[in-house]
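Data block below; observations after.
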Amino acid sequence: MTPKVVMVVMVPTEAATAPKTSIVTLKYTSRCCHFLYRIVSITIVQKGLVEAMHCCRAVDNSARAMLVKPRSQEVKNTMRKSTGAISRVGLTPVFVDIDPVTYNMCPEHTAKMAEQCDDLRAIMPVHLYGQAADMDAFIELGERHGVPIIEDAAQAMGTKDSQGAMVGTRGTIGTWSFFPTKNLGGFGDGGMCTTHDDELAESMRMDRVHGMEPKYYHRQVGVNSRLDALQAAVLAVKLRHLESWHAKRKHNADVYTKAFAAAGAATTESPLSDGGFPLRTPHANPAPARHIYNQYIIRVPEHMRDDLRAHLTEHKIGTEIYYPVPLHMQECFADLGYAPEDLPESLLASKETIALPIYPDLSDEQLHHVATTIIEWVTAHAAVNA
Ligand SMILES: Cc1ncc(COP(=O)(O)O)c(C=O)c1O
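In numbering that gives the first Met the number 0, the protein residues as written are 0 to 385.
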């Protein structure tokens with residue numbers, strides 16, 4: 000499980016303190032893109048600026064938009080893709096551990112690591128699996144350090160935080176993915192940035208079209224990061240169904256959780272080693288927060304995880320491990336010198352978690368089949384290992 004942590008990017012003081020103004024993007028590459036911007040503005044971010052682009056590019060563009068004077072820097076993060084953006088803009092990611100219950104970045108560990116950074120540029124919470132990170136804590140931390148919050152909301156379109164606010168709307172910038180596995184996924188790659196800051200909006204808007212404004216006049220070095228009109232057309236249609244898909248995912252999660260609870264599954268706060276049925280269901284923060292279940296993650300003891308997965312594969316039940324190698328242990332960050340035990344919760348989660356099928360089209364019969372197959376296998380193996 001990749002830890003999800005903060006990503007930081009530098010922040011020009013002016014941008015950090017600029018008053019937030021609602022804006023809107025009216026520059027579009029096609030009618031489809033324009034239509035998509037409009038409906039996303041209305042339904043998701045309510046008057047926030049919307050720019051469409053590839054998600055990784057969205058994070059890159061956010062990072063670049065905030066990097067007025069490149070300096071060596073610190074960032075905190077755990078999500079592989081967003082961390083790449085930190086490195087690509089010449090900053091150094093600083094990884095923080097996860098909260099073992101929600102799998103989101105641990106605010107206390109983030110605060111501790113932020114204290115140790117001598118040139119902190121930004122904090123980047125990732126709203127993992129469709130559940131909001133602790134935005135109250137991260138916003139307070141950002142204010143304390145005078146750095147922006149860049150929300151990685153790639154897995155969380157429609158997720159609400161503990162105040163009932165849509166994620167991606169309270170930080171300085173929100174970044175989103177329309178990759179096909181997301182709750183709102185296109186037929187290919189796509190993504191988006193949201194902000195209430197006019198200057199950042201202008202910079203990101205230019206950045207996605209080679210830094211041009213006006214046409215053929217390049218004010219900054221940018222990239223090609225436009226959203227395809229075809230993807231915008233697909234997304235605009237799918238967006239109409241998003242709420243019903245969220246509701247179906249929630250229903251699916253409830254079916255699993257009920258079935259596992261009936262088998263004696265551990266509550267989210269119980270350790271797997273407490274002697275009960277060795278399976279833990281995911282935690283959902285209470286309303287007004289909303290989990291949109293981009294993933295439904297269960298936890299089993301390390302010695303069972305891979306065998307259970309193999310058993311499910313044999314029974315034609317698809318699963319995934321998000322993520323098998325924590326970010327601080329990825330080869331591309333070996334030079335940062337982290338030891339596995341530096342982030343113990345992230346390390347343990349990488350060995351104990353499995354994602355189950357949760358997409359909206361699943362029937363109750365399929366859900367019960369998945370739950371029963373798991374319960375029978377875990378029961379048999381728990382008895383053997385007792
Ligand atoms: C949390 C998170 N951040 C960033 C990304 C990157 O999104 P994209 O693949 O659209 O660039 C993903 C995609 O898997 C993600 O899950």
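Glycine residues also receive a C-beta, built at the ideal position from the N, C-alpha and C atoms.
A quick note: this is a predicted structure, and the numbers were derived from the prediction, not measured.
Drop a sphere of 10 angstroms on the beta-carbon of residue 132, count the other beta-carbons inside from all chains shown, and report buried for 16 or more, exposed for fewer.
Buried is the label assigned to residue 132, since at least 16 other Cβ atoms lie within 10 Å of its Cβ.
Under three-state DSSP, which class holds residue 93?
Of the three classes helix, strand and coil, the one that applies to residue 93 here is strand, per DSSP.
Please report the residue range of the alpha helix (DSSP H) in which residue 243 lies.
For residue 243, the enclosing alpha helix (DSSP H) begins and ends at 241–261.
Taking 7 Å as the limit between beta carbons, can you name the residues of its chain near residue 141, skipping five residues before and five after?
Taking C-beta separations shorter than 7 Å and ignoring five residues to either side along the sequence, the partners of residue 141 in its chain run 122, 147 and 148, following chain order.
Taking 7 Å as the cut-off, is the CB of residue 94 close to at least one heavy atom of ligand 3?
With respect to small molecules bound, the structure shown includes ligand 1 and not ligand 3.
Answer with buried or exposed for residue 362, where buried requires no fewer than 16 other C-beta atoms within 10 angstroms of its C-beta.
The residue is exposed, with fewer than 16 neighbouring Cβ atoms inside 10 Å.
With residue 140 as the anchor, note down where its beta strand (DSSP E) starts and where it stops.
Counting along the chain, no beta strand (DSSP E) covers residue 140; the unbroken alpha helix (DSSP H) around it starts and ends at 134–144.
How is residue 332 classed by DSSP in three states: helix, strand or coil?
Helix.
Three or more beta-carbon pairs under 8 Å between the stretch 327–339 and the stretch 355–371, yes or no?
Using a Cβ-Cβ distance cut-off of 8 Å, the stretch 327–339 and the stretch 355–371 are not in contact, since fewer than three pairs of beta carbons, one from each stretch, lie closer than that value.
If I'm right that residue 95 touches residue 109 with Cβ under 8 Å, what's the distance once you round it to whole angstroms?
5 Å between Cβ atoms; contact.
Does the CB of residue 145 have a neighbour CB from chain D at under 8 Å?
Absence of chain D from the displayed structure is noted, only one protein chain being present.
Taking 7 Å as the cut-off, is the beta-carbon of residue 176 closer than that to any non-hydrogen atom of ligand 1?
Within 7 Å of the C-beta of residue 176 there is at least one heavy atom belonging to ligand 1.
4-residue-minimum alpha helix (DSSP H) runs that sit fully inside the stretch 147–171, ordered along the chain:
Listed in chain order, there is nothing to give.
Can you look up residue 199 in the DSSP assignment and give me helix, strand or coil?
In the structure shown, residue 199 falls within a helical segment according to DSSP collapsed to helix, strand and coil.
Can you tell me where the alpha helix (DSSP H) with residue 106 in it begins and where it stops?
First-last of the alpha helix (DSSP H) with residue 106: 106–115.
Residue 302, DSSP secondary structure in three states
Residue state, collapsed to three classes: helix.
On the three-pair Cβ rule with 8 Å, is the stretch 217–235 touching the stretch 333–343?
Segment contact: the stretch 217–235 against the stretch 333–343, fewer than three CB-CB distances shorter than 8 Å; contact not assigned.
Could you check what DSSP says for residue 101 in three-state terms: helix, strand or coil?
The answer is coil: DSSP assigns residue 101 none of H, G, I, E or B.
Name the two residues that bound the continuous alpha helix (DSSP H) containing residue 348.
Run containing residue 348: 343–351, per the alpha helix (DSSP H) assignment.
Rounded distance between the beta-carbons of residue 171 and residue 196, thought under 8 Å:
That pair is a contact at about 7 Å.
According to DSSP, is residue 125 part of a helix, a strand, or is it coil?
Reduced to three states, the DSSP call for residue 125 is strand.
Should the stretch 285–305 be regarded as contacting the stretch 247–258, the criterion being three or more beta carbon pairs within less than 8 Å?
Using a C-beta cut-off of 8 Å, the stretch 285–305 makes contact with the stretch 247–258, since at least three inter-stretch Cβ pairs fall below that distance.
Any idea what DSSP makes of residue 283, helix, strand or coil?
Three-state DSSP puts residue 283 in coil, outside helix and strand.
Since I believe residue 174 is in contact with residue 166 (beta carbons under 8 Å), could you give me their beta-carbon distance rounded to a whole number of angstroms?
Not really, about 11 Å apart at Cβ, beyond 8 Å.
Would you report the Cα separation of residue 91 and residue 191, rounded to the nearest angstrom?
Looking at the two C-alpha atoms, the distance is approximately 24 Å.
Where residue 369 and residue 320 are concerned, what is the direct C-alpha to C-alpha distance, given to the nearest angstrom?
Straight-line measurement puts the Cα of residue 320 at about 16 Å from the Cα of residue 369.
Quick check on the DSSP output: the alpha helix (DSSP H) that includes residue 232 runs from which residue to which?
That run of the alpha helix (DSSP H) goes 228–238.
Measure the C-alpha to C-alpha separation of residue 176 and residue 318 and round it to an integer number of angstroms.
If you draw a straight line from the Cα of residue 176 to the Cα of residue 318, it comes to about 21 Å.
Checking 8 Å against the spacing of the C-beta atoms, do residue 262 and residue 271 come in under that value?
Taking 8 Å as the cut-off, the beta carbon of residue 262 is found no closer than this to the beta carbon of residue 271.
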